[in-house]
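Peer 1: Take this structure, written in C-alpha cells, and hold onto it; I'll ask about it next.
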Ligand code: GRF
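Numbering (the numbering used here), first residue to last: 297 to 508.
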C-alpha cells in the first residue's frame, strides 16, 4: 500500500474529503506550515499523525523547504498531496518529489492560475468555471493535468456561492485522482501529459447557460 503525506495551511476540507474517501493507501501524516490550521484538528480526530513546520521560523524559502522535505521524508511518501497548502515551493523541492507531488487548484487551468480565482472568473463573466488536480512542476499551477470538474456560473453568483459550488467538486475529484495514483492507473506520458489507463472517455457536455 502506498504512503501518502498531505500538506495543508488552513481549513482542510479537501484533506478531510481524502481522509473520508477510504482510499487504498496509508495516510501517514498531515503537515501544516501554520500551527493554527483548523485541518490539524480534523486530522488528529481521524488518528492521523500531524506535524507543524512553521514557515515563519525560517529565514528564506530554501531553508523552509529543506526542513519541510526532511519531515515529509520521515514518512517515506509515495505521493505528497497539497491540499490548500499556501506556500510557493522552490524548484529544488518540486524536483525532489517529481511525479509524486500533486495539487488541487480552484479553476479550470490553465485559466486563472494564482489567487482569487472565483472573483476573477466572475469579473470576466465566464459561464463555466471549475477545479483542477495536477502534478506540481516548477511552473506554478501549470503542471500536467490529471482531472478537472466544470460547474456552471449562475447569473446571481457571488464569490462565495461560486466557491462553494467549485469546492463540492474539489471534494469529488481529489479523492478520485489520489485513488488513480494509489492503484497505478495514471502515467506521466511524453510532453508532460497524463495518461489514464483503462478509462472510457465521457461523451457529455456542460453547456452554460443551458440550451432551450
Ligand atoms: C481549495 O479551494 C483548494 O483548491 C485551494 O485552496 C482551498 C483549500 O481549501 N488550493 P481546504 O483547506 O481544502 O478547505
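Yeah, the Cβ is synthetic: ideal placement off N, Cα and C, and Gly gets one too.
Are there 16 or more other CB atoms within 10 angstroms of the CB of residue 319, so buried, or fewer, so exposed?
Peer 2: Counting Cβ neighbours within 10 Å, residue 319 comes out buried, since at least 16 surround it.
Peer 1: With a Cβ-Cβ cutoff of 7 Å, do residue 465 and residue 427 count as a contact?
Peer 2: Taking 7 Å as the Cβ cut-off, residue 465 and residue 427 qualify as a contacting pair.
Peer 1: Taking 6 Å as the cut-off, is the C-beta of residue 388 nearer than that to any heavy atom in ligand 1?
Peer 2: Every heavy atom of ligand 1 is 6 Å or more from the Cβ of residue 388, so no.
Peer 1: Would a C-beta distance cut-off of 7 Å place residue 297 and residue 379 closer than the cut-off?
Peer 2: Cβ distance not < 7 Å, so residue 297 and residue 379 don't count as in contact.
Peer 1: For residue 333, verify whether its CB is less than 6 Å away from any heavy atom of ligand 1.
Peer 2: No, the Cβ of residue 333 stays beyond 6 Å of every heavy atom of ligand 1.
Peer 1: Could you give the DSSP three-state label for residue 445: helix, strand or coil?
Peer 2: Here residue 445 sits in strand by DSSP.
Peer 1: Across the region 334-354 and the region 405-421, are there enough close Cβ pairs to call them in contact, namely three or more that are closer than 8 Å?
Peer 2: Result no; under three Cβ-Cβ pairs closer than 8 Å.
Peer 1: Within 6 Å: the Cβ of residue 400 and any heavy atom of ligand 1?
Peer 2: Because some heavy atom of ligand 1 lies under 6 Å away, the Cβ of residue 400 counts as near it: yes.
Peer 1: Measuring alpha carbon to alpha carbon, tell me which residue in 477, 450, 504 is nearest residue 300.
Peer 2: Ranking 477, 450, 504 by Cα distance to residue 300 puts 477 first.
Peer 1: Just to check, is the beta-carbon of residue 309 closer than 6 Å to a non-hydrogen atom of ligand 1?
Peer 2: At least one heavy atom of ligand 1 is nearer than 6 Å to the Cβ of residue 309, so yes.
Peer 1: Exposed or buried, residue 387, counting other C-beta atoms within 10 Å across all chains shown (16 or more means buried)?
Peer 2: Exposed, since its Cβ has fewer than 16 Cβ neighbours within 10 Å.
Peer 1: Can you tell me whether DSSP reads residue 298 as helix, strand or coil?
Peer 2: In the structure shown, residue 298 sits in a strand (DSSP, three-state: E or B).
Peer 1: Please report the residue range of the beta strand (DSSP E) in which residue 546 lies.
Peer 2: Here the chain has residues from 297 to 508 only, and residue 546 is not among them.
Peer 1: Express the C-alpha separation of residue 414 and residue 347 in angstroms, rounding to a whole number.
Peer 2: Each residue's alpha carbon lies about 31 Å from the other.
Peer 1: Thinking just about the alpha-carbon of each residue, which of 334, 340, 362 is nearest to the one in residue 349?
Peer 2: It is 362 whose Cα lies nearest to the Cα of residue 349.
Peer 1: Using three-state DSSP, classify residue 329 as helix, strand or coil.
Peer 2: Coil.
Peer 1: Can you have a look at residue 505 and say buried or exposed, based on whether 16 or more other CB atoms are within 10 angstroms of its CB?
Peer 2: Classification of residue 505: exposed, given that the 10 Å Cβ count is below 16.
Peer 1: How long is the line joining the alpha carbons of residue 481 and residue 473, rounded to whole angstroms?
Peer 2: In a straight line, the C-alpha of residue 481 is about 9 Å away from that of residue 473.
Peer 1: Among all the DSSP beta bridges, which residues are the ones paired with residue 431?
Peer 2: Answer is 398.
Peer 1: Going by the CB atoms, is the gap between residue 484 and residue 343 shorter than 7 Å?
Peer 2: No. Outside cutoff.
Peer 1: Cα-Cα, which of 459, 487, 375 is closest to residue 401?
Peer 2: The shortest C-alpha separation from residue 401 is found at 459.
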